[in-house]
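Asker:
Protein chains: 2
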Amino acid sequence: AKSDESDRDDDRDRDEEEDDGRAGGKSVFMVSDGTGWTVDHSVHAALGQFEHCLADRGCAVNTHLFSEVNDIDRLMGVIHQAGAEGAILVYTLADPAMAEAAKRACQMLAVPYLDILGPITDALGSHLNVIPLGLPRGAPGRKSALSKQYFKRIEAVDFTIKQDDGALPQNLHKADLVLVGVSRTSKTPLSTYLAQMGYKVANVPLVLGIEAPKELFQIDQDKIYGLTIDPTFLRSIRAARYRHLGLGKETKSSYFDMEHIRTELQYSRELFKKNPTWPVIEVTGKAIEETAAVILRIYHERKNKYVIPRISKRY
Amino acid sequence: AKSDESDRDDDRDRDEEEDDGRAGGKSVFMVSDGTGWTVDHSVHAALGQFEHCLADRGCAVNTHLFSEVNDIDRLMGVIHQAGAEGAILVYTLADPAMAEAAKRACQMLAVPYLDILGPITDALGSHLNVIPLGLPRGAPGRKSALSKQYFKRIEAVDFTIKQDDGALPQNLHKADLVLVGVSRTSKTPLSTYLAQMGYKVANVPLVLGIEAPKELFQIDQDKIYGLTIDPTFLRSIRAARYRHLGLGKETKSSYFDMEHIRTELQYSRELFKKNPTWPVIEVTGKAIEETAAVILRIYHERKNKYVIPRISKRY
Ligand SMILES: Nc1ncnc2c1ncn2[C@@H]1O[C@H](COP(=O)(O)O)[C@@H](O)[C@H]1O
Ligand SMILES: Nc1ncnc2c1ncn2[C@@H]1O[C@H](COP(=O)(O)O)[C@@H](O)[C@H]1O
Ligand SMILES: [Mg+2]
Ligand SMILES: [Mg+2]
Chain A
455 AKSDESDRDD
465 DRDRDEEEDD
475 GRAGGKSVFM
485 VSDGTGWTVD
495 HSVHAALGQF
505 EHCLADRGCA
515 VNTHLFSEVN
525 DIDRLMGVIH
535 QAGAEGAILV
545 YTLADPAMAE
555 AAKRACQMLA
565 VPYLDILGPI
575 TDALGSHLNV
585 IPLGLPRGAP
595 GRKSALSKQY
605 FKRIEAVDFT
615 IKQDDGALPQ
625 NLHKADLVLV
635 GVSRTSKTPL
645 STYLAQMGYK
655 VANVPLVLGI
665 EAPKELFQID
675 QDKIYGLTID
685 PTFLRSIRAA
695 RYRHLGLGKE
705 TKSSYFDMEH
715 IRTELQYSRE
725 LFKKNPTWPV
735 IEVTGKAIEE
745 TAAVILRIYH
755 ERKNKYVIPR
765 ISKRY
Chain B
455 AKSDESDRDD
465 DRDRDEEEDD
475 GRAGGKSVFM
485 VSDGTGWTVD
495 HSVHAALGQF
505 EHCLADRGCA
515 VNTHLFSEVN
525 DIDRLMGVIH
535 QAGAEGAILV
545 YTLADPAMAE
555 AAKRACQMLA
565 VPYLDILGPI
575 TDALGSHLNV
585 IPLGLPRGAP
595 GRKSALSKQY
605 FKRIEAVDFT
615 IKQDDGALPQ
625 NLHKADLVLV
635 GVSRTSKTPL
645 STYLAQMGYK
655 VANVPLVLGI
665 EAPKELFQID
675 QDKIYGLTID
685 PTFLRSIRAA
695 RYRHLGLGKE
705 TKSSYFDMEH
715 IRTELQYSRE
725 LFKKNPTWPV
735 IEVTGKAIEE
745 TAAVILRIYH
755 ERKNKYVIPR
765 ISKRY
């Protein structure tokens, strides 16, 4: 019964965030001939600039993502709907005829609009001195995804999952990155986030009174990153985990005990001090992608030894 | 020795893609006061429009990501470097003074440039009738990441990892999404990708001669998605897995046997036919994020029953 209860709670949480029938708030229609993740990403970065107003719902926003909009009829349907709902239209359409049609229809229907893909494609086209293809990612005849990067990502995810939570220390040397920290310093979500980008990640939990695996000190020390966190913040995360998962009585109360948390973090900081090669990264108040960005900046800085740290790739 | 060999191979692979000292090719400098993932995402979507030329290296591109560029000195350093390397500068800078400084310096040094964040922020600001904050994501005083969405993501990743590869069938009912398919239909990378977005995902492998867990047929059938794949494509993925992981002789040769692969896929298609509620998704030639987009489109379509399928969220 307990577990059913918490399930229903979760559903309520999600509906609260995603309920679209709800009245009030301006609408943002995001349209792509592909997945829509690019336009979604850009809109959410920009929405960060209105958080002061979104947090108190003074300017509530409903975003709606329309993916795989590949024909003119569907495009026009979405734009008419945008007009009806008083939405702004933000789009990525690789076919210039589709992009132009979107622009004209918006102008005719007085729907505010912004092209996300056009300007960057034009700028890169001029820079490279190459005419863009004008074909969406899913178009017939496009290169398949069966690239080296595709395999690298899949293998990185498989590796990373198998190495979660200190498993298989004998494989630590195969990782690109090894994350070390006490429970709930976001080791697992960080690991899978980085794996998705093609890095093989292992994470090793630090537990008071249990020695870290000897392999940790035998592998290339440049791969290892320490994670640290503010004790009050950590306590609230553990409490939330408790509420969410409904951990039973078997969970030691020391898990939430402030004194215990401080001792645990002290122990981890001492270990980090003994291993000065390990960068120590503060995760307090950082989103997963923010901590990941810091780790990758240091990783590539060490690898490439630029004056201005950068992450570089060749295509 | 075998395992050391393959490690070194992996390193070579990565260097081939990321070696920046290599001569030739145009440079793209991506600058952000935050993580840089937004500008990176936009540039990569646009680069898709030049794949015809990138594939044969006729117009090789070196991308360089500079994250956390938060002060004017570092910004000017990067722009001077862009001038020296003949790069285009693409940036997201939330502080209008920084964005303006970037623009002026590029004009002075004849560096081509494009502002990614400014246009979308201005468009949303007009639409919402709110003045943007002008503060980067890491600025002091910004809201911490300790939001509901933060916990949802972390719990979704934890849940998903525990449910990988058919583990804990008794928890299947707690998943938002359940992915079903034979080995190497990208169930695991799809699951962690979707988990990162806050969905609790379970995946259940279909193995010839082993019955699927009874729980699969007892839970809400609307949660279940079948994955299917072209047999030739599947064979090449399995062969690559073999090469990458160096699976030993214990791997049955039937794993690569075309006849066996066909029978296996036939079995999965029959199961899908018996369960017509499960949408069947073709993964052949699709990147993980492409398959994820299809799954989420159907998921939200079923949930919200719009005429034009959309993924909606409220802020
Ligand atoms: N590999 C690719 N090849 C061609 N176009 C792409 C590629 N990736 C993304 N795009 C285009 O970039 C825009 C954003 O893609 P998406 O993030 O999938 O919505 C869409 O117009 C896609 O058609
Ligand atoms: N939550 C946020 N609050 C304020 N600004 C943000 C937020 N997320 C992203 N941005 C800004 O959007 C741009 C892209 O962010 P990023 O993807 O981290 O490079 C940067 O200029 C960030 O400062
Ligand atoms: Mg963990
Ligand atoms: Mg798997």
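If you read the sequences in order, they're chains A and B.
Going by my numbering, the first sequence opens with residue 455, and the numbers climb by one from there.
Going by my numbering, the second sequence opens with residue 455, and the numbers climb by one from there.
The C-beta atom is built at its ideal place from N, Cα and C for all residues, glycine as well.
If contact is defined by three or more beta carbon pairs under 8 Å, each pair taking one atom from either stretch, is the region 653-664 of chain A in contact with the region 624-639 of chain B?
Answerer: At 8 Å Cβ cutoff, the stretches do not touch.
Asker: Write down every uninterrupted run of the alpha helix (DSSP H) in the region 529-586 of chain A whose length is 4 residues or greater and which is fully enclosed by it, in chain order.
Answerer: Runs of the alpha helix (DSSP H) inside the region 529-586 of chain A: 550-563, 571-582.
Asker: Is DSSP giving M712 (chain B) helix, strand or coil here?
Answerer: Three-state result, M712 (chain B): helix.
Asker: Can you list the alpha helix (DSSP H) stretches of 4 or more residues lying completely in the region 635-673 of chain A, in chain order?
Answerer: If we require 4 residues or more, the alpha helix (DSSP H) runs fully inside the region 635-673 of chain A come out as 641-650.
Asker: Compute every distance between the C-beta of R756 (chain B) and the non-hydrogen atoms of ligand 1, then say whether any falls below 7 Å.
Answerer: Not so, every heavy atom of ligand 1 lies at least 7 Å from the Cβ.
Asker: Output yes if chain B places a C-beta closer than 8 Å to the C-beta of S637 (chain A); else output no.
Answerer: With 8 Å as the cut-off, S637 (chain A) does not count as an interface residue toward chain B.
Asker: Look at the Cβ atom of L519 (chain B), then the Cβ atom of G537 (chain B), and state whether they are nearer than 8 Å.
Answerer: Not a contact, by the Cβ cut-off of 8 Å.
Asker: Could you check what DSSP says for T517 (chain B) in three-state terms: helix, strand or coil?
Answerer: If DSSP states are grouped into helix, strand and coil, T517 (chain B) belongs with the strands.
Asker: Mind checking if K759 (chain B) is an interface residue toward chain A, Cβ cutoff 8 Å exclusive?
Answerer: K759 (chain B) does not count as touching chain A.
Asker: Does E736 (chain B) have its Cβ less than 8 Å from a Cβ in chain A?
Answerer: Cβ-Cβ to chain A under 8 Å: no for E736 (chain B).
Asker: Report whether the distance from the Cβ of S486 (chain B) to the nearest heavy atom of ligand 2 is below 7 Å.
Answerer: For ligand 2, at least one heavy atom lies less than 7 Å from the Cβ of S486 (chain B).
Asker: Suppose the cutoff is 6 Å on Cβ atoms and the five residues either side in sequence are ignored; what does the same chain contact list for R764 (chain B) look like?
Answerer: There are no such residues.
Asker: Quick check: the Cα distance between F504 (chain B) and M651 (chain A), rounded to an integer number of angstroms?
Answerer: For F504 (chain B) and M651 (chain A), the distance between alpha carbons rounds to 21 Å.
Asker: Taking just the CA atoms, how far does A649 (chain B) sit from Y647 (chain A)?
Answerer: Approximately 10 Å between the Cα atoms of the pair.
Asker: Compare the C-beta of H747 (chain B) against all C-beta atoms of chain A and say whether one is closer than 8 Å.
Answerer: In the sequence as displayed, the identity of residue 747 (chain B) is Ala instead of His. True, the Cβ-Cβ gap to chain A drops below 8 Å.
Asker: Consider the C-beta atom of E505 (chain B) and the heavy atoms of ligand 1; say whether any pair is separated by less than 7 Å.
Answerer: For ligand 1, at least one heavy atom lies less than 7 Å from the Cβ of E505 (chain B).
Asker: Near R756 (chain B), which residues of its chain fall below 8 Å by C-beta distance, leaving aside the five closest residues on each side in sequence?
Answerer: For R756 (chain B), where only same-chain residues beyond five positions count, the Cβ hits under 8 Å are D676.
Asker: Between the C-alpha atoms of S766 (chain B) and S496 (chain B), what's the straight-line distance to the nearest angstrom?
Answerer: Cα to Cα, the separation comes out at about 21 Å.
Asker: Could you pull the start and end residues of the alpha helix (DSSP H) that E609 (chain B) belongs to?
Answerer: Residues 602-616.
Asker: Does the distance from the CB of V611 (chain A) to the CB of P643 (chain B) come in under 8 Å?
Answerer: Cβ distance < 8 Å, so V611 (chain A) and P643 (chain B) count as in contact.
Asker: Taking C-beta pairs closer than 8 Å, name the residues in chain B that R607 (chain A) reaches, listed in chain order.
Answerer: Residues of chain B passing the Cβ test: P643, I742.
Asker: Which term fits L535 (chain A), buried or exposed, when burial requires 16 or more other beta carbons within 10 angstroms of its beta carbon?
Answerer: Per the sequence presented here, residue 535 (chain A) reads as Gln, with Leu not at that position. Label assigned to Q535 (chain A): buried.
Asker: Kindly say whether R591 (chain B), judged by its beta-carbon, lies nearer than 8 Å to any beta-carbon of chain A.
Answerer: So yes, R591 (chain B) belongs to the interface.
Asker: Does DSSP classify E505 (chain B) as helix, strand or coil?
Answerer: Looking at E505 (chain B) - three-state DSSP - the assignment turns out to be helix.
Asker: Would you call the CB atoms of N524 (chain B) and D487 (chain B) closer than 8 Å?
Answerer: Yes; because the gap between Cβ atoms is below 8 Å, this pair is in contact.
Asker: Between the region 566-576 of chain B and the region 535-554 of chain B, are three or more C-beta pairs nearer than 8 Å?
Answerer: Counting Cβ pairs under 8 Å, three or more are found: they touch.
Asker: Just by C-beta distance, which residues in the region 568-585 of chain A are closer than 8 Å to chain B?
Answerer: Against chain B - using a Cβ distance shorter than 8 Å - the residues of the region 568-585 of chain A are L568, I570, L571, P573, I574, T575, A577, L578, G579, S580, H581, L582, N583, V584.
Asker: Roughly how many whole angstroms lie between the Cα atoms of F687 (chain A) and L568 (chain A)?
Answerer: Cα to Cα, F687 (chain A) sits roughly 39 Å from L568 (chain A).
Asker: Let me confirm a value: R607 (chain B) is counted as buried when at least 16 other C-beta atoms fall within 10 Å, else exposed. Which label applies?
Answerer: R607 (chain B) is buried by the Cβ-count criterion.
Asker: Are there any heavy atoms of ligand 2 lying less than 7 Å away from the beta-carbon of P573 (chain A), as far as the coordinates show?
Answerer: False, no ligand heavy atom lies under 7 Å from that Cβ.
Asker: With a 10 Å radius around its C-beta and 16 neighbouring C-beta atoms as the bar for buried, classify K641 (chain B) as buried or exposed.
Answerer: By the neighbour-count rule (16 or more Cβ atoms within 10 Å), K641 (chain B) is buried.
Asker: Per DSSP, what kind of secondary structure is E755 (chain A) in: helix, strand or coil?
Answerer: If DSSP states are grouped into helix, strand and coil, E755 (chain A) belongs with the helices.
Asker: With respect to 7 Å, is the separation between the Cβ of P590 (chain A) and the closest non-hydrogen atom of ligand 1 below this value?
Answerer: Yes, the beta carbon of P590 (chain A) sits closer than 7 Å to at least one heavy atom of ligand 1.
Asker: Need the endpoints of the beta strand (DSSP E) that E736 (chain A) sits in, please.
Answerer: First-last of the beta strand (DSSP E) with E736 (chain A): 734-736.
Asker: What residue range does the beta strand (DSSP E) around I765 (chain B) cover?
Answerer: First-last of the beta strand (DSSP E) with I765 (chain B): 765-768.
Asker: Which whole-angstrom value describes the C-beta separation of N583 (chain B) and D618 (chain B), a residue pair presumed to lie in contact below a C-beta threshold of 8 Å?
Answerer: 46 Å between Cβ atoms; not a contact.
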